[in-house]
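**Q**
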Amino acid sequence: MIAPAHPVAPEDLMALLDGELAPQEAQAVSAHLNHCPECAQLALEFRSVSESLKSWTVPDAPPALEETVLAQAAQTVQSSHPQSPGAWSLLRWTMSGRGAVAAALILLAVSSAIFFHGGPSARKQRLTSFVNPGDDPRSIDGQLAASRKSREEIAEPRGVDSLVALAPGVAGVAKDSNGQFYDQPAPPPPSPAIAQGLIAGSAARRQDRSRSVADANDSQATAAIPAAAPMIARTVALSIVVKDFPAARAALDAILARHQGYSAQLTVNTEQNVQRGLQDSLRIPAPQLAAALAELKSLGRVETETQSGEEVTQQHADLVARLQNSRETEQRLRDILAQRTGKIEDVLQVEEEIARVRGEIEQMEADRQTLEHRVDFATVDLHIAEEYKEQFATPSTSASTQIRNAFVSGMRGAAATLLGILLFLEEAGPVILIWLAILALPAVLLWRRYRRLRTSI
Amino acid sequence: MEDALPAFVLHSEAAISAPMNDPPPIPGDPGAPSDRSSSLGSEETDEQLMQAYAGGRSAAFTALFARYRQPLFGFFRRRVPDPARAEELAQETFLAVLRAASRYQPTALFRTWLYAIAFKILRAHRRQAAFRATFLGAPREMPDPAAPGSLDNEVLVRHAVAKLDALDREVLLLREFEQLSYAEIAALLALPLNTVRSRLFRARLALHTLLAAPHTAASKEAL
């Protein structure tokens with residue numbers, strides 16, 4: 005259309021026609037236009053194109069447009085504070101598909117987090133509340149006191165019926181501890197003295213009771229057994245923080261000596277630069293328990309304290325009864341051996357039987373003694389820790405070593421992370437590649453289609 | 573020489589009223605057409621009207637709306653096949669202007685600002701439509717209600733324009749119908765000024781070729 009060596013570029017001509025040239029340029033180009041037929045032809049073409057385009061008319065805008073917009077305009081001007089743009093765009097964003105997708109993703113993430121972490125943590129919480137009753141000392145102490153009280157009442161000789169009521173007492177659910185549990189008029193409930201007093205009293209009574217059981221045993225008076233006082237094996241766990249550890253240690257020994265107790269197992273930790281402490285399993289005579297506990301608590305600040313009592317009355321009574329039966333059996337066998345005569349074989353058989361019964365008796369005797377020992381000597385699991393004071397003089401790791409250590413552990417961590425990524429890629433890579441290959445084709449096709457439609461619509 | 577020039581100028585700002593039923597005024601142009609002298613803001617520029625509206629004068633927007641109702645409707649009507657959708661988008665643009673009125677700064681021409689908003693809304697619409705079409709299938713070809721009463725020539729022009737490259741077409745339409753300057757088009761489409769020039773040139777030549785050569789083929793295709 006235009007000769008290659010034309011002095012005026014055709015685009016400049018167009019710009020001139022569009023009024024887009026600077027005055028000087030416009031003058032030069034229009035001067036050229038006046039005597040160049042090619043450019044005049046081109047200008048005509050442009051003009052004809054514009055003329056043709058004019059035929060593309062558009063119908064009048066519908067009146068609804070005017071009504072809506074002008075109504076909105078009047079409204080916006082009236083309300084000095086139109087809807088805030090932030091809230092508006094947020095609302096629109098939320099309403100749009102992207103918002104819905106984002107909300108779905110967040111929901112998915114939150115729910116999966118709950119699914120993976122909620123269950124175990126809740127379980128753990130339940131477990132701790134069960135394992136560590138010291139969390140709520142008031143209620144636990146209250147329950148303990150209640151169960152102790154009810155056991156005290158059972159301890160009053162009240163006949164076999166009272167044994168039936170034993171079960172709730174042992175389970176510790178006897179919330180009603182004021183004696184309304186029983187049909188018979190109960191003796192006035194023990195005064196609301198502190199638990200220690202109760203324990204001491206019960207222990208004293210138990211001492212009498214066990215002696216009477218022994219007497220009854222000796223005199224073969226079976227009827228005395230069910231009326232026995234409850235036998236309770238007590239266990240106390242105590243955690244104390246002290247200021248002066250050596251003094252506390254000495255005081256502990258003194259307390260043990262004073263109350264005729266002994267320590268079954270003692271572990272002392274006096275390592276340097278750490279909190280010193282000791283773990284001791286004490287055995288203290290039951291009657292002395294309350295006094296000993298009070299003294300132990302005065303050593304320092306009590307952090308946790310748990311007390312529990314295991315009711316072994318029934319177990320003890322059973323044991324005593326079986327022991328008695330075995331003794332009678334043994335006596336009868338001895339009588340048979342003494343009074344009757346028979347074949348050697350029979351005699352040997354009786355001897356054998358006596359030996360067996362004797363073995364049983366000794367076994368049961370040992371059990372009884374252990375049981376009684378557990379009742380007579382309360383177990384105190386004592387943990388004493390020192391209030392730790394950081395010391396300036398302690399030789400700490402030098403700064404350069406710390407820097408080096410941090411660097412080494414950092415490098416190690418980075419290496420581990422890289423290795424982890426590598427391992428993950430090795431493990432999941434092939435599967436990911438397969439899926440990419442499967443999904444890539446449709447994705448590319450959809451993307452191309454989208455691109456095409458975007459320009460054409 | 574100076575007198576001869578206007579005869580060749582396609583759309584000098586003084587001669588723009590032909591393709592548009594209600595053309596935008598030129599800021600600072602003293603010669604306002606007589607048919608607009610009755611309207612409220614005939615002496616005021618678009619920018620002054622917009623500021624008056626932001627200041628609380630509701631009538632100022634009525635005047636602005638009267639100036640731009642038809643051009644903006646035409647903008648969407650020529651680019652969106654569905655007339656109802658075009659009306660919606662025009663309405664959306666005006667509402668966006670209303671919402672943004674308090675933030676309007678007269679640093680740019682109101683016209684440029686308005687078309688920038690309209691263009692954003694158009695692009696959002698195209699994205700949406702393309703996304704839907706990608707998954708739900710291509711939209712039905714909208715029979716243009718304007719077609720029956722219109723000239724055969726108009727159908728030819730529309731088809732020829734539709735055959736242009738998308739960006740070329742956009743530049744051409746913005747120049748021919750919206751009367752935007754090269755610089756405004758460049759800003760709107762985020763293109764260098766020279767690219768706008770060359771694309772406009774290419775589009776015009778291509779359109780001329782399309783309109784000149786295959787008259788018979790195009791009309792057959794149109795039918």
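Protein chains in written order, with the working numbering: chain A, 5 to 461; chain B, 573 to 795.
Heads up, the beta-carbon is just placed ideally off N, CA and C, and yes, glycines get one too.
Just mark A:A227 as buried or exposed, buried being the case when its beta carbon has 16 or more other beta carbons within 10 Å.
**A** In this predicted model, A:A227 has a pLDDT of only 40, less than 50, meaning its place in the structure is not dependable; the value taken from the coordinates is given anyway. A:A227 comes out exposed.
**Q** Just checking, does the stretch 420-438 of chain A make contact with the stretch 329-347 of chain A on the three C-beta pairs under 8 Å criterion?
**A** no
**Q** Could you compute how far the alpha carbon of A:E391 sits from the alpha carbon of A:E299?
**A** Going by the C-alpha atoms only, they are around 19 Å apart.
**Q** Going along the chain, which residues of the stretch 53-70 of chain A sit with their C-beta nearer than 8 Å to a C-beta in chain B?
**A** Those would be V53, S54, S56, L57, K58, S59, W60, T61, V62, P63, D64, A65, P66, A68, L69, E70, in chain order.
**Q** Quick one: does A:F50 have its CB under 8 Å from some CB of chain B?
**A** yes
**Q** Does DSSP put A:T317 in a helix, in a strand, or in coil?
**A** In the structure shown, A:T317 falls within a helical segment according to DSSP collapsed to helix, strand and coil.
**Q** Express the C-alpha separation of A:E369 and A:A359 in angstroms, rounding to a whole number.
**A** 15 Å
**Q** When DSSP labels each residue in this structure, what does A:R452 get in the three-state scheme?
**A** Here DSSP, grouped into helix, strand and coil, assigns A:R452 to helix.
**Q** Would you give the residue range spanned by the beta strand (DSSP E) that A:P289 belongs to?
**A** 281-289
**Q** Going by DSSP, which residues form a beta bridge with A:D385?
**A** A:A241, A:S285
**Q** Note down, in chain order, every chain C residue with its Cβ under 8 Å from the Cβ of B:F637.
**A** No chain C is part of this structure, whose protein chains are labelled A and B.
**Q** Which one of B:L761, B:T781, B:E726 has the shortest CA to CA distance from B:L739?
**A** Here the closest residue by C-alpha is B:L761.
**Q** For B:A696, report the span of its alpha helix (DSSP H) as first-last.
**A** Counting along the chain, the unbroken alpha helix (DSSP H) around B:A696 starts and ends at 682-708.
**Q** Counting along the chain, where does the beta strand (DSSP E) carrying A:A268 start and finish?
**A** 266-273
**Q** Write down the C-beta distance between A:A296 and A:G346 rounded to the nearest angstrom, noting that I regard them as a contact closer than 8 Å.
**A** Their Cβ separation, rounded to whole angstroms, is 59 Å, which puts A:A296 and A:G346 out of contact at 8 Å.
**Q** Check each candidate in B:R651, B:A688, B:N766 and name the one with the smallest Cα separation from B:R741.
**A** When each option's Cα is compared against that of B:R741, the closest is B:R651.
**Q** Mind checking which residues open and close the alpha helix (DSSP H) that includes B:R730?
**A** Note, B:R730: alpha helix (DSSP H), 724-734.
**Q** In chain order, what residues of the same chain have a beta carbon less than 7 Å from the beta carbon of A:G90, not counting five sequence neighbours either side?
**A** With a pLDDT of 49 at A:G90, under the threshold of 50, the modelled position of that residue is not reliable, and no figure is offered here.
**Q** Taking C-beta pairs closer than 8 Å, name the residues in chain B that A:T80 reaches, listed in chain order.
**A** L670, R671, A673
**Q** When you compare each of B:L667, B:F749, B:H780, B:A778 to B:L636 by their alpha carbons, which one comes out closest?
**A** B:L667
**Q** Which residues in the same chain have their Cβ closer than 7 Å to the Cβ of A:V12, if we skip the five residues on either side of it in sequence?
**A** V33, H36, C43
**Q** Near A:H263, which residues of its chain fall below 6 Å by C-beta distance, leaving aside the five closest residues on each side in sequence?
**A** If you ignore the 5 residues before and after A:H263, its C-beta comes within less than 6 Å of the C-beta of I288, Q292, A296, all in its own chain and listed in chain order.
**Q** Report all residues from its chain with a CB closer than 6 Å to the CB of A:L282; omit the five preceding and five following residues, and keep chain order.
**A** V272, I388
**Q** Opposite A:R305 in the DSSP bridges: which residues?
**A** Answer by DSSP bridge pairing, in chain order: A:V245.
**Q** Compute the beta-carbon to beta-carbon distance between B:R776 and A:F50, rounded to the nearest angstrom, for a pair I have assumed lies under 8 Å.
**A** 6 Å
**Q** Are the beta-carbon atoms belonging to A:L286 and A:V384 less than 8 Å from one another?
**A** yes
**Q** Taking only beta-carbon positions, decide if A:P14 is within less than 8 Å of chain B.
**A** yes
**Q** From what residue to what residue does the alpha helix (DSSP H) around B:F749 run?
**A** Secondary structure note for B:F749: it is in no alpha helix (DSSP H), with a DSSP letter that is neither H nor E.
**Q** Once DSSP output is grouped into helix, strand and coil, what is the label at A:I442?
**A** A:I442 falls in the helix class under three-state DSSP.
**Q** Which one or two residues does DSSP pair with A:I236 in a beta bridge?
**A** Residue pairing by DSSP puts A:I236 in a beta bridge opposite A:E315.
**Q** Beta carbon of B:L644, beta carbon of B:A662: below 8 Å?
**A** yes
**Q** What's the gap between the Cα of B:L744 and the Cα of B:Y625?
**A** About 32 Å.
**Q** Assuming B:A702 contacts A:L457 (C-beta within less than 8 Å), just tell me the rounded distance between them.
**A** About 4 Å separates the Cβ atoms of B:A702 and A:L457, confirming a contact at the 8 Å cut-off.
**Q** Using the beta-carbon count (16 or more within 10 Å), is A:A447 buried or exposed?
**A** exposed
**Q** On the DSSP letters alone, give me the boundaries of the alpha helix (DSSP H) that B:L670 sits inside.
**A** 655-672
**Q** State the Cα-Cα distance for the pair A:T308 and A:L111, rounded to the nearest angstrom.
**A** Cα atoms of A:T308 and A:L111: separation of roughly 42 Å, rounded to the nearest angstrom.
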